[in-house]
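**Q** Taking numbering that gives the first Met the number 0, I'd label the letters of the sequence shown as residues 0 to 308. Structure below; questions to follow.
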Amino acid sequence: MDSFNSDNNNQDFMQNTYNNPHQNPYQEPLVNGYESTYNTNGQMYQTYEEPEKPHFFMQFPYAFNPTKYGVLSNINTGAMIGFVALLLAVCTLVTYIGFAISFNDTEAFNEVMDVFPYFKVDDGEFYIEEDFEYDDPNKEVYVYFSDDYDSFSLGDAEELHTEGYDSVMLISRTNLVLESDGEYNQLSFKDFGTISFDKDWIIDSLIPGLFVFVSVCFIFYYIARSFWYFFCAMIYMLIAMICAKIFHRDIAAGVLFKASVYAKVLMTVVACLLSVLPVAITIPAFIRTMITLAMIIAAFGYLPQRTNV
């Protein structure tokens with residue numbers, strides 16, 4: 000009986016080998032880099048083969064294809080972090096270039112500044128070469144600058160607001176009054192103390208200074224964005240772990256984290272491209288989340304498992 004069972008087992012084994020002519024009849028499939036091979040005496044020994052690791056820059060095209068996430072799971076952590084840092088640097092740079100182009104549109108800015116007469120603030124008082132008034136025909140904005148008045152009150156702005164103006168700016172010799180959608184604010188020029196400035200200083204110094212300040216803010220934005228990227232990937236990893244249990248997949252947390260990192264690439268790139276369009280287009284957060292989770296789940300069949308389920 001034992002001999003009969005042994006013959007059947009040999010026939011089944013040879014039949015499987017026939018169905019897969021490329022498989023060595025004495026070799027088991029590769030599992031986690033190890034392959035089990037049997038010699039002619041039936042003794043098993045294991046050899047290790049280095050898992051496939053794509054080139055650093057191949058992480059980008061592979062990130063759009065969930066079937067490649069199994070290969071990307073072999074990427075070491077340092078290379079993955081470097082890839083994300085480079086990706087976010089490029090996306091931030093694209094956004095910054097768009098901002099810089101619009102900010103340095105000096106022709107449009109000069110056209111606006113040329114409308115205003117020469118003015119200055121000195122020793123806590125405002126002086127202007129001649130009165131300036133802008134009355135929007137649609138009554139959206141009303142602006143009036145004059146040093147003939149000692150001060151304006153919030154009541155003056157409120158009166159104009161009741162006439163139908165959405166925004167009001169009034170500047171007298173001693174104060175500035177603002178109204179916007181029913182909210183009122185007041186600033187006294189005496190609060191500036193001995194600080195003095197004029198129209199030329201705003202054009203030649205303030206605006207370039209603001210550009211430098213915003214440029215520095217972009218650096219901090221890039222750093223914060225990088226931390227946020229990996230934090231969100233960790234949240235996706237936790238959700239993916241629940242989904243893996245539902246689909247009966249025993250996938251290591253580290254592998255799911257890498258899959259989450261690469262799955263976020265698609266929506267990051269899409270958001271970057273949308274930011275350079277002349278019209279504002281945004282994708283709702285719910286849709287972005289669903290797309291990213293769908294890519295992670297689609298990769299389940301290609302990610303290495305810890306055990307056979």
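Yeah, the Cβ is synthetic: ideal placement off N, Cα and C, and Gly gets one too.
Hey, which unbroken runs of the alpha helix (DSSP H) at 4 residues or more fall wholly within the region 216 to 250?
**A** With a minimum length of 4 residues, no continuous alpha helix (DSSP H) run stays inside the region 216 to 250.
**Q** Please state whether DSSP places Ile127 in a helix, a strand or coil.
**A** On the sequence shown, residue 127 is found 128 positions in, with the first residue counted as 1. Residue state, collapsed to three classes: strand.
**Q** Does the distance from the CB of Asp69 to the CB of Leu292 come in under 7 Å?
**A** Sequence index remark: in the sequence shown, residue 69 carries index 70 (1-based). Sequence index remark: in the sequence shown, residue 292 carries index 293 (1-based). Position check: residue 69 holds Gly in this sequence, whereas Asp was assumed. No. Outside cutoff.
**Q** Suppose you measure from the CA of Val83 to the CA of Glu178; what does that come to, to the nearest Å?
**A** Here residue 83 corresponds to residue number 84 of the sequence shown, with the count starting at 1. Here residue 178 corresponds to residue number 179 of the sequence shown, with the count starting at 1. Each residue's alpha carbon lies about 45 Å from the other.
**Q** Where DSSP assigns a beta bridge to Phe144, which residues make up the other side?
**A** Reading the sequence shown from its first residue, position 145 is the one you call residue 144. Its beta-bridge partners are Phe131, Ile170.
**Q** Quick one: give me the first and last residue of the beta strand (DSSP E) that Gln185 is part of.
**A** Working through the sequence shown from its first residue, we reach residue 185 at position 186. Taken as a continuous stretch (DSSP letters only), the beta strand (DSSP E) holding Gln185 covers 182 to 187.
**Q** Take Gly77 as the anchor and find which of Thr66, Leu92, Phe55 has the nearest alpha-carbon.
**A** Stepping through the sequence shown from its first residue, residue 77 is reached at position 78. Nearest option by C-alpha distance: Phe55.
**Q** Would you list the residues sitting across from Leu177 in a DSSP beta bridge?
**A** Indexing the sequence shown from 1 puts residue 177 at position 178. According to DSSP, which records beta bridges pairwise, Leu177 is partnered with Met168, Asn184.
**Q** Run through DSSP, which three-state label would Asp121 get?
**A** Within the sequence shown, residue 121 is the residue found at index 122, counting from 1. If DSSP states are grouped into helix, strand and coil, Asp121 belongs with the strands.
**Q** Leaving out the 5 sequence neighbours to the left and right, which residues in its chain are closer than 8 Å to Gln304 when beta-carbon positions are compared?
**A** As a position in the sequence shown, residue 304 is number 305, starting the count at 1. Result list for Gln304: Arg248, Asp249, Ile250, in chain order.
**Q** Would you grab the beta carbon distance between Phe290 and Leu265 for me? Rounded to a whole angstrom, and I think it's under 8 Å.
**A** Within the sequence shown, residue 290 is the residue found at index 291, counting from 1. Within the sequence shown, residue 265 is the residue found at index 266, counting from 1. Reading off the sequence, residue 290 comes out as Ile, not Phe. With 8 Å as the limit, Ile290 and Leu265 qualify as a contact, their Cβ atoms being about 7 Å apart.
**Q** Is it buried or exposed for Leu71, if we count other Cβ within 10 angstroms and need 16 for buried?
**A** Numbered from 1 along the sequence shown, position 72 holds the residue referred to as residue 71. Buried, because 16 or more other Cβ atoms sit within 10 Å of the Cβ of Leu71.
**Q** Please return the same chain residues whose Cβ sits closer than 7 Å to the Cβ of Ser259, not counting the five positions on each side in sequence.
**A** Reading the sequence shown from its first residue, position 260 is the one you call residue 259. Here the set comprises Ala232, Tyr235, Met236, Ala239, Ile295.
**Q** First and last residue of the alpha helix (DSSP H) that includes Phe285?
**A** In the sequence shown, the residue the question calls residue 285 occupies position 286. That run of the alpha helix (DSSP H) goes 284 to 297.
**Q** Return the chain-ordered list of same chain residues with a C-beta closer than 8 Å to the C-beta of Val215, the five sequence neighbours on each side being excluded.
**A** Numbered from 1 along the sequence shown, position 216 holds the residue referred to as residue 215. Excluding positions up to five away in sequence, the list is empty.
**Q** Helix, strand or coil for Asp197? Go by DSSP, reduced to three states.
**A** Counting from one through the sequence shown, the residue named residue 197 turns up at place 198. It is a strand residue.
**Q** Give a yes or no on whether the C-beta atoms belonging to Pro116 and Ile127 are separated by under 7 Å.
**A** On the sequence shown, residue 116 is found 117 positions in, with the first residue counted as 1. On the sequence shown, residue 127 is found 128 positions in, with the first residue counted as 1. Yes. Within cutoff.
**Q** Could one say the Cβ of Phe82 lies closer than 7 Å to chain B's Cβ atoms, at least one of them?
**A** Protein chains in the displayed structure number just one, and chain B is not present.
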